[in-house]
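So the structure is just underneath, and the comments pick up after that.
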């Protein structure tokens, strides 16, 4: 029974992670006291409700950093952080690097994984001082 309640609640949390969520608000949504809900949640998930919400927000923020060009500030605001500094501090604690460093690291890893090879030698230069293929940042 507790598993079903917590699953329903986590589904609701997932659909509301872009909003400000407090343990009090989640408890009110569940119909249980804050104390009882946190105890139930920890028994079922082996983590606190507050920690679950923080980790899910950070995971979604990390995905946004990896998959978009959006500014770190915008991503921080989307996931409920008061400032970019707060977001960066919490992010660094979780991922052992700043959001910007994480973005660069993940993109480099993706390029290596996909085998980002692009040969621009087949294209005709459209400007006078054309870059030689061996000097091209995309080719190398």
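In my numbering, the protein residues as written are 79 to 218. Beta carbons are placed, not taken as given, at the ideal position from N, Cα and C, and that holds for glycine.
Could you give the residue range of the alpha helix (DSSP H) that holds residue i?
{"i": "residue 191", "result": "177-192"}
{"i": "residue 174", "result": "No alpha helix (DSSP H) contains residue 174, which DSSP labels as neither H nor E."}
{"i": "residue 102", "result": "101-108"}
Secondary structure at residue i, three-state DSSP: helix, strand or coil?
{"i": "residue 96", "result": "coil"}
{"i": "residue 130", "result": "helix"}
{"i": "residue 122", "result": "helix"}
{"i": "residue 148", "result": "coil"}
{"i": "residue 88", "result": "helix"}
{"i": "residue 161", "result": "coil"}
Residue j and residue i - do their beta-carbons sit closer together than 7 Å?
{"i": "residue 153", "j": "residue 140", "result": "no"}
{"i": "residue 162", "j": "residue 151", "result": "yes"}
{"i": "residue 180", "j": "residue 143", "result": "yes"}
{"i": "residue 132", "j": "residue 126", "result": "no"}
Could you check how far apart the C-beta atoms of residue i and residue j are, in whole angstroms? I think they sit under 8 Å.
{"i": "residue 112", "j": "residue 96", "result": "Not quite, the Cβ-Cβ distance comes to about 22 Å (not below 8 Å), so this is no contact."}
{"i": "residue 107", "j": "residue 90", "result": "6 Å"}
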